[in-house]
Amino acid sequence: MTIRRARLADASAIAALIAGYSRQGLLLPRSPDQIQATIREFLVAHEGGRVVGSVALEFYGPRRNGLAEIRSLAVAEDSRSSGLGGRLLEAAVKRARRQGIARVFAVTRSAEFFERHAFVRARGGIPPEKVARDCALCPKAGGCTLQALSRNLAPAHAPQLLPVLAPARLRREPAPA
Ligand SMILES: CC(C)(COP(=O)(O)OP(=O)(O)OC[C@H]1O[C@@H](n2cnc3c(N)ncnc32)[C@H](O)[C@@H]1OP(=O)(O)O)[C@@H](O)C(=O)NCCC(=O)NCCS
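First residue of the sequence shown: 25, per the working numbering; consecutive thereafter.
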């Protein structure tokens, strides 16, 4: 089983995977056309010539220190509970971190799953950026029962080594005359 970037040819399989769960009210439906148009956001899990999982990372604003949403996280029924959902989620988080994203969030009915992966319930609810982009047009917005969770990401290059090194260097320098 491999996790890789999605290709245009994967769009129908991703749409079919998502459709099964959107009928259960667990995921928003995404048409093959919508998926093709945003294919660069998707990662897929691939096994035996078949797409068995998907996840998308949707960016908000500038990448550096920006915000990104985990979307369309789905694992085929017969591949569930073997760690694949967690691996897809962590792969998307890794991708976000590499892009300099400071915080990822998810709006979901599967809050406990995300909590197992260091997400915490967002105190302010659904981020305003998401509300403006998607919720404003949603007919269910008034009675939304989805939960927003987020995870802060440490910067890829932690700068904390500098203050440790600086005093040592200073000590070796001769005192000013
Ligand atoms: C959520 C989902 C991606 C998890 O995939 P997975 O491959 O089964 O996940 P993992 O194997 O990494 O982890 C499994 C554990 O996560 C927990 N878990 C799985 N789905 C969960 C859910 N919907 N809610 C809460 N916890 C869940 C369970 O404790 C499970 O452990 P168990 O198998 O011992 O019961 C998968 O269940 C799925 O596709 N669900 C439908 C779509 C969905 O709800 N997506 C998330 C919203 S973006």
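For every residue, glycine included, the Cβ atom is placed at its ideal position computed from N, Cα and C. Predicted model, so just to flag it, every value in this text is computed and none were measured.
Given a cut-off of 8 Å, decide if residue j and residue i are closer than it, judged by their beta-carbon atoms.
i    : j    : result
I125 : L173 : no
V117 : R175 : yes
L97  : V68  : no
F137 : G107 : no
A115 : V128 : no
R140 : Q171 : no
Q60  : L81  : no
R111 : I27  : yes
P56  : S36  : yes
I150 : C162 : no
So, under 8 Å CB-CB, residue i and residue j are touching, yes? Tell me the CB distance rounded to an integer number of Å.
i   : j    : result
V75 : D34  : 6 Å
R95 : Q123 : Going by Cβ atoms, the distance from R95 to Q123 rounds to 15 Å, so no, they are not a contact pair.
L41 : A130 : Contact flag wrong, Cβ pair sits at about 17 Å.
E93 : K154 : 6 Å
Would you give the residue range spanned by the beta strand (DSSP E) that residue i belongs to?
i    : result
S134 : Note, S134: premise wrong, no beta strand (DSSP E); not H, not E.
Q171 : Q171 to N176
E71  : F66 to E71
I125 : Run containing I125: none; DSSP gives neither H nor E here.
Between the options, which has its C-alpha nearest residue i's C-alpha?
i    : options                 : result
R157 : G85, D102 and T169      : G85
C168 : R88, V79, L50 and S103  : L50
F66  : G72, D102, R29 and C159 : R29
Could you spell out the range, first to last residue, of the alpha helix (DSSP H) harbouring residue i?
i    : result
L41  : A35 to S46
E153 : P152 to R157
A160 : From DSSP, A160 is part of no alpha helix (DSSP H); its letter is neither H nor E.
A61  : P56 to A61
Q) What residues come near ligand 1, if near means a beta carbon less than 5 Å from any of its heavy atoms? A) Y45, L50, L97, A98, V99, R104, S105, G107, L108, G109, G110, T132, S134, E136 and F137
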